[in-house]
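Read top to bottom, the protein sequences are chains E and F. In terms of our numbering, the first sequence opens at residue 1 and continues consecutively. In terms of our numbering, the second sequence opens at residue 560 and continues consecutively.
Number of protein chains: 2
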Amino acid sequence: MEITQSTRMQQFITFMQRANQIAASTDLEPLLDQMLGLLMQVVQAPAGVVYLYEPEGDEQVLTVIRGDTTIRHLLGKHFAADRCLAGYVVRAGKPVFISDVTREPLWNQSIGALSGMGFRTAYCLPLLLQDQPLGAVEIFDLPLTVVDDPDDMTLVQLLCERLTIEIEKTRMLINARRRERRLQALVDIVSHITTTLDRDQLLERIMHHASQLLNVEATSIWLRDERTGDLVLQMATGKESRQLRGEEVRVPAGRGIIGYVTSKGERVLVNDVRNDSRFYRKIDQQSGFVTRSILCLPLRAPTIQLGSGAGVLPAKIIGGAQALNKRDGQSFSAEDVSLFETLASQAATVLQLAWLYERNSRLFLGIIKAVTGAIDLKDPYTRGHSQRVADFAVAIAREMGLSQEMLYHVRIGAILHDVGKIGVGDAILKKPEHLTNEEMGMMKLHPTYGVRLLHDADLEDLLREESSAMAQHHERLDGSGYPLGLKGDEISLIGRIVAVADAFDAMTSSRPYRPAMSLEQTFSILCSAGGTEYDAQCVEALVRAHAQGMIKTQAEREG
Amino acid sequence: MEITQSTRMQQFITFMQRANQIAASTDLEPLLDQMLGLLMQVVQAPAGVVYLYEPEGDEQVLTVIRGDTTIRHLLGKHFAADRCLAGYVVRAGKPVFISDVTREPLWNQSIGALSGMGFRTAYCLPLLLQDQPLGAVEIFDLPLTVVDDPDDMTLVQLLCERLTIEIEKTRMLINARRRERRLQALVDIVSHITTTLDRDQLLERIMHHASQLLNVEATSIWLRDERTGDLVLQMATGKESRQLRGEEVRVPAGRGIIGYVTSKGERVLVNDVRNDSRFYRKIDQQSGFVTRSILCLPLRAPTIQLGSGAGVLPAKIIGGAQALNKRDGQSFSAEDVSLFETLASQAATVLQLAWLYERNSRLFLGIIKAVTGAIDLKDPYTRGHSQRVADFAVAIAREMGLSQEMLYHVRIGAILHDVGKIGVGDAILKKPEHLTNEEMGMMKLHPTYGVRLLHDADLEDLLREESSAMAQHHERLDGSGYPLGLKGDEISLIGRIVAVADAFDAMTSSRPYRPAMSLEQTFSILCSAGGTEYDAQCVEALVRAHAQGMIKTQAEREG
Chain E
1 MEITQSTRMQ QFITFMQRAN QIAASTDLEP LLDQMLGLLM QVVQAPAGVV
51 YLYEPEGDEQ VLTVIRGDTT IRHLLGKHFA ADRCLAGYVV RAGKPVFISD
101 VTREPLWNQS IGALSGMGFR TAYCLPLLLQ DQPLGAVEIF DLPLTVVDDP
151 DDMTLVQLLC ERLTIEIEKT RMLINARRRE RRLQALVDIV SHITTTLDRD
201 QLLERIMHHA SQLLNVEATS IWLRDERTGD LVLQMATGKE SRQLRGEEVR
251 VPAGRGIIGY VTSKGERVLV NDVRNDSRFY RKIDQQSGFV TRSILCLPLR
301 APTIQLGSGA GVLPAKIIGG AQALNKRDGQ SFSAEDVSLF ETLASQAATV
351 LQLAWLYERN SRLFLGIIKA VTGAIDLKDP YTRGHSQRVA DFAVAIAREM
401 GLSQEMLYHV RIGAILHDVG KIGVGDAILK KPEHLTNEEM GMMKLHPTYG
451 VRLLHDADLE DLLREESSAM AQHHERLDGS GYPLGLKGDE ISLIGRIVAV
501 ADAFDAMTSS RPYRPAMSLE QTFSILCSAG GTEYDAQCVE ALVRAHAQGM
551 IKTQAEREG
Chain F
560 MEITQSTRMQ QFITFMQRAN QIAASTDLEP LLDQMLGLLM QVVQAPAGVV
610 YLYEPEGDEQ VLTVIRGDTT IRHLLGKHFA ADRCLAGYVV RAGKPVFISD
660 VTREPLWNQS IGALSGMGFR TAYCLPLLLQ DQPLGAVEIF DLPLTVVDDP
710 DDMTLVQLLC ERLTIEIEKT RMLINARRRE RRLQALVDIV SHITTTLDRD
760 QLLERIMHHA SQLLNVEATS IWLRDERTGD LVLQMATGKE SRQLRGEEVR
810 VPAGRGIIGY VTSKGERVLV NDVRNDSRFY RKIDQQSGFV TRSILCLPLR
860 APTIQLGSGA GVLPAKIIGG AQALNKRDGQ SFSAEDVSLF ETLASQAATV
910 LQLAWLYERN SRLFLGIIKA VTGAIDLKDP YTRGHSQRVA DFAVAIAREM
960 GLSQEMLYHV RIGAILHDVG KIGVGDAILK KPEHLTNEEM GMMKLHPTYG
1010 VRLLHDADLE DLLREESSAM AQHHERLDGS GYPLGLKGDE ISLIGRIVAV
1060 ADAFDAMTSS RPYRPAMSLE QTFSILCSAG GTEYDAQCVE ALVRAHAQGM
1110 IKTQAEREG
């Protein structure tokens, strides 16, 4: 059939309009598929494929197949660029027409050998953007005459140029959006890990987020043992990680990739650990995990400004983080490295913050235990009293279902309840006999002294509950207590709890003027005074806590 | 000139090839400029412009001008879409040919009235992508015949379609990359603000980063006063912000936009505050700043897991953050809101962490000051001793140029230096006369008691320097001190510093058995013992610190 120039022109315009419609999409695969369809229409071919080039590995990936279903199983297959037709035309920089593919070695080495296609001719075009390979198009079983038609070949050429541009722009957009999505995930992760100072929870969050962000099979965090320099495994994720629980896993200083990374302060990326002599096989042997690829980074804590006149916590490498075995057979990319570095840096910062919090908590708790312990020691009969009262009070509070925060206040308040005794003379504290009325009057000042001590230290606002425990642990519901003779609701919950805990320890400890009471006797006294002197619910909670073995009297501990 | 069909075809192909070349770019303005050039070439026109449509404000923006230099000053100008030709063709959804622009009201209302162009004809084409307006092209002074040539019109139509697609894809890419860039900046900011627990430094970092990220003239942070509910300005940036320094700036609870935001927990975005009755003018009046637009967010601190058995710090709104006056006349975008929300959330988290650190520091420092103060009180003659020794020791250490961290250890160590006296009986501590040898032997145990107290509390590793101060503050360089009779280098720097500070306070305070020594006498004794008993550098530092008025003796304070 002879085609007139104006019909030609009309066809040409139609193809270009169709190309515009197709190019409006930013979905890469439908775009490739439809553009391939358009090319096949131009040259009246029944089948064709599109390859996309992957520079990493120098491979052509079979991305789109049209018109033939017998080779569907090859979709997604990677072909070495130097051993396939697509690679050949890209290197040649120009199209190639093959009149009999069965005689073409490059064809047979790649797609031909694997397919049951009955194609004979193939027209193969490179997709090049300013000499950069983006992929290739192969069109099969086209009429031989088409190749000799310069108009058709021009149109094919124009459409291939267009396809190249659309691939490049769509990939740029896909990449930018993927980076955007991953950065958004990273921002959320960085914010999320900052909201816990609980070390174990923090490690879990870091590991969990790292696995997801990097799409890896396993992750692990190692911290440096300050004394030996060894790396100690803190937490690991991945199916086999439970094999590593229970016993401590250590890598000696400088050994393995983790040792290298933390001592040199350099990251290590190994996409095949069989090629890396630093790899320390022992952990895999222990866990049964088979490490293929590793991205290992130092956990580099930055200088942290402390405020409150405490200067800085200096920058240092506190350990290392590993991501193992990128999923789906992929390698770690520069983008993975950058994301993991940011995550590791924030992880190191928050680990330091958690350590600081733990240190400060230990300092405060340690010093008040030490001081109140020293006060208790003044009277050999009250040795360990404050600590025991704290244990009892916390057990009561827990049994009453109070919140974790309230348990903490109860613990501190109970440890501190007698700190005011520091203002009572040794002569009274240590006196083995019963106190005179005047001496008892001095002794009864200790709750007031305690509160004044907090007040003078400007700590009343920070230790409001604790202050109440100190002030009220000798008050009684019926108003018979001291120093204020408060009644009923005037006494705070924490005051009632510590009162019961304090009385329980006093009764079950021996005194110079009387032996320790029996448990039966103690519970009987406390229960009968429940509702009059003591809060009945607190007494019941104490009885339950003791029955469950949660607390032990001095005699039970020492006996 | 008659053009043959095959020449036509050739031209057509050339234009399409050129369009492919132009479209390879992802730089929007050169791409628009070159595509406009191509369109002008098709219709043989001497000039043309491209408008881009901005949905926010419903405006057409004159983005590219070609071929005429007399209207260059209009570049970048915004035209209301309902009052210009570009807007008209977009709404009409089809091209318009105007044979005499001087008679066209829409032309005169917009570009015509402002330009000195001598154009008569204009061909105006909408750029629509699936009915969404992207902009418009106007081509001027084209030959009248061209409009009647269907091939040319088809080609123009094809190129406009192409242009529309390229604008859309390029904008998508530009937007994705801008979001990526801003997210990367946000990640860096979020990481950076987490590395300081110093409240003022933290506020400064938050404000600085917010200004940059959002491109605004001013920012401010307000925290809620727990007692009154008022919002108190913590820090502000912007030229006029220094007007707000010095005195406290408060907004009463619930007043103003900041009060609304923090009480309702909702963000407020006002692009023109004149239209918002909530706006609280008083602050502008105080500072001289003229607020136009506000983005105000609650500072919503999340629940923070504390670890160490302390439960959680509950989630709450701690205040609000404001960004004022987006620069370059822009409005706040949804993207701005999202970025500022993430920043504000992290800011609230780290402000809580800084508050926790400050609280824990205050707790520890407060309790050791209170306890050592109570011990000092046992002997009326040593009232305030530990605190004064701490002040002196820190002054010495500062004068010696020690680091902020060491100053902190010196302060804690000096406050604690006599804590071991808690283990020495009142009878000895309070005895007004000279002690017997046996009593002195008991007294000399206090450094050892102090160290044991830290040891029993398992705090030796956390308070290593402090422990050394407690152990060695009675050691002397020549070996004449106690408890170990250490010599020279065996005594730590902190031990030497606290020894001098302790001796200085003892000498300058009155005792039952002697009055306070004069300063001259004290310095003379200390200086002559410098190098034998005391570290000479420490003594010199003390003398310098006193000369500079950095420290005051008990007599100087009370006198």
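Don't be surprised by glycine CBs; every beta carbon is placed ideally from N, CA and C.
For residue 749 of chain F versus residue 905 of chain F, is the C-beta spacing smaller than 8 Å? yes
Using a beta-carbon distance cut-off of less than 7 Å, what residues from the region 717 to 739 of chain F approach chain E? 717, 720, 721, 724, 728, 731, 732, 735, 736, 738, 739
At a Cβ cut of 9 Å, what residues of the region 364 to 395 of chain E count as close to chain F, listed as they run along the chain? 364, 365, 366, 367, 368, 369, 370, 371, 373, 374, 375, 377, 378
To test your reading of the DSSP string, which unbroken beta strand (DSSP E) runs of 3 or more residues are found completely within the region 1066 to 1114 of chain F? none
Against chain E, with Cβ distances strictly below 8 Å, would residue 769 of chain F count as a contact? no
I need the boundaries of the alpha helix (DSSP H) containing residue 1121 of chain F, first residue and last residue. This structure does not reach residue 1121 of chain F, given that chain F is present from 560 up to 1118, and the question cannot be answered.
Evaluate residue 468 of chain E with the Cβ neighbour count: other Cβ atoms within 10 Å of its Cβ, from every protein chain shown; 16 or more gives buried, anything less gives exposed. buried
Quick one: Cα of residue 561 of chain F to Cα of residue 705 of chain F, how far? Residue confidence is low: residue 561 of chain F scores 45 on pLDDT, short of 50, so the model does not pin down where it sits. Its coordinate-derived value is still stated next. Cα to Cα, the separation comes out at about 13 Å.
Short of 8 Å in beta carbon distance, which residues of its chain neighbour residue 17 of chain E, apart from the five on each side in sequence? Order them along the chain. none
Find out if the Cβ-Cβ distance for the pair residue 1006 of chain F, residue 968 of chain F is shorter than 8 Å. no
Relative to the C-alpha of residue 847 of chain F, which residue among F:809, F:801, F:881, F:834 is closest? F:801
Between the beta-carbon of residue 958 of chain F and the beta-carbon of residue 1103 of chain F, is there less than 8 Å? yes
Where does residue 7 of chain E land, buried or exposed, given buried means 16+ other C-beta within 10 angstroms? exposed
Using three-state DSSP, classify residue 1059 of chain F as helix, strand or coil. helix
With contact counted as at least three CB pairs below 8 Å, one residue from each stretch, are the region 758 to 778 of chain F and the region 806 to 814 of chain F in contact? no
Going residue by residue through the region 93 to 161 of chain E, where are the continuous alpha helix (DSSP H) segments of at least 4 residues, counting only ones entirely within it? 144 to 147
Do we get a CB-CB distance below 8 Å when we pair residue 757 of chain F with the residues of chain E? yes
Work out the CA separation of residue 622 of chain F and residue 588 of chain F for me, nearest whole Å. 8 Å
Distance, Cα to Cα, residue 1091 of chain F vs residue 1064 of chain F? 19 Å
Comparing the C-beta of residue 361 of chain E with each C-beta of chain F, is any distance below 8 Å? yes
Cutoff 8 Å: residue 16 of chain E Cβ touching any chain F Cβ: yes
Quick check on residue 602 of chain F - is its C-beta less than 8 Å from some C-beta in chain E? no
Does the region 627 to 640 of chain F come into contact with the region 654 to 667 of chain F, if we say contact requires no fewer than three beta-carbon pairs (one atom in each stretch) closer than 8 Å? no
Neighbour list for residue 303 of chain E in chain F, Cβ cutoff strictly below 8 Å: 754
Compare the beta carbon distance of residue 867 of chain F and residue 357 of chain E with 8 Å and say whether it is the shorter of the two. yes
Closer than 8 Å, CB to CB, is residue 908 of chain F near chain E or not? yes
So with CB distances below 7 Å, who are the chain E contacts of residue 967 of chain F? 309, 310, 311
Could you check where the alpha helix (DSSP H) with residue 766 of chain F kicks off and where it finishes? 758 to 773
Beta-carbon proximity list for residue 751 of chain F, same chain, < 8 Å, skipping 5 on both sides: 764, 768
Decide if the region 20 to 35 of chain E is in contact with the region 121 to 134 of chain E; the criterion is three or more beta carbon pairs, one per stretch, under 8 Å apart. no
N- and C-terminal bounds of the alpha helix (DSSP H) containing residue 1023 of chain F: 1023 to 1031
Reduced DSSP secondary structure (H/G/I, E/B, other) of residue 2 of chain E: In this prediction, residue 2 of chain E scores a pLDDT of 45, lower than 50, which makes its location untrustworthy; no coordinate-derived value is stated.
Only counting the same chain, and skipping five residues up and downstream in sequence, which positions put a Cβ closer than 8 Å to that of residue 718 of chain F? 574, 578, 594, 597, 598, 601
Counting only the same chain and skipping the five closest in sequence on each side, list residues whose C-beta sits under 8 Å from that of residue 826 of chain F. 820, 854, 855, 856, 857, 896, 900
By how many angstroms is the C-alpha of residue 962 of chain F removed from the C-alpha of residue 1095 of chain F? 20 Å
Check whether the Cβ atoms of residue 863 of chain F and residue 237 of chain E sit closer than 8 Å, and answer yes or no. no
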